[in-house]
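Q: Just dropping this structure here.
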Amino acid sequence: MAITFTPYGGIDGLLVVEGEDFPDDRGTFMESFRTDVWAKAGLPPLLQDNLSRSKRGVIRGLHYQRQPHAVGKLVRCVSGRIFDAAVDIRKDSSSFGKWASIELDGSGNRAFWIPAGFAHGFCSLTDDAVVAYKVTGYWAPNVDGGLRWNDPSVGVAWPLPAGEVRLSPKDAALPFLGELGR
């Protein structure tokens, strides 16, 4: 059984992680994650699993945690369909402020690895999109941060018109990239 890691989006550190499907007359089977394969790829340990359910038009993000508790995320859509985005906020990175996105769906074959140093968010494209993600650390509210979803200096091309977007009050008030400092 193979799990592959493919660089993605032209930004150092982002990966598409894919499992191999084994179909038969009952359906399919896939190993979606193995700690030994993950470690052999040189990736940090994953410590916690999270699950969210979102209605169509919900944007969650763009979220990150600052050092010393910055976290990486392995994001997988297990039901429905999402537009997943990562913005490089690593101050010393040549791709600072650049973003990459991927559409993930309930087939579950693909996951998106977003290392620490990125702001991450997703938009649910269907009702009841279920997103499972593994993280490299625990939530630390004292270093919790975020970036405004529609920051024009970043320009994430969200696939829904602004009038269809649903945000939490917290996410609607997040700062713009220029306010984060470099």
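Position one of the sequence shown corresponds to residue 177 (this note's numbering), numbered consecutively onward.
Built from N, CA and C at the ideal position, the CB exists for glycine as well.
1) In the structure shown, what three-state DSSP assignment does Glu279 receive?
2) In the structure shown, what three-state DSSP assignment does Asp260 receive?
3) Please check the pair Tyr184 and Lys249, which I expect to be a contact at CB under 8 Å, by giving their CB distance rounded to whole angstroms.
4) Can you tell me whether Thr211 is buried or exposed, with buried defined as 16 or more other CB within 10 angstroms of its CB?
5) Alpha carbon to alpha carbon, how far is Gly203 from Gly186? Give it in angstroms, no decimals.
6) For the alpha helix (DSSP H) that contains Asp347, what are its first and last residues?
7) Using 10 angstroms around the beta-carbon of Ala349, count the other beta-carbons present and answer buried if the total reaches 16, otherwise exposed.
8) Considering only DSSP beta bridges, list what Pro244 is partnered with.
9) Any chance you could list the beta strand (DSSP E) runs of at least 3 consecutive residues sitting entirely within the region 320-347, in chain order?
10) Going by CA-CA distance only, name the one from Ile258, Trp214, Gly339, Leu222 that's closest to Thr302.
11) Could you tell me if Ala338 is buried or exposed, where buried requires 16 or more neighbouring beta carbons within 10 angstroms of its beta carbon?
12) Helix or strand or just coil, what does DSSP make of Asn285?
13) So what's Lys310 in DSSP terms, helix, strand or just coil?
A: Concretely, from the data shown:
1) strand
2) strand
3) Not really, about 14 Å apart at Cβ, beyond 8 Å.
4) It counts as exposed.
5) 34 Å
6) 345-348
7) Under a 10 Å Cβ-count criterion, Ala349 is classified as exposed, with fewer than 16 other Cβ atoms of the shown protein chains found around its own Cβ.
8) DSSP lists no partner for Pro244.
9) With a minimum length of 3 residues, the continuous beta strand (DSSP E) runs that stay inside the region 320-347 are 320-322.
10) Ile258
11) That one is exposed.
12) coil
13) strand
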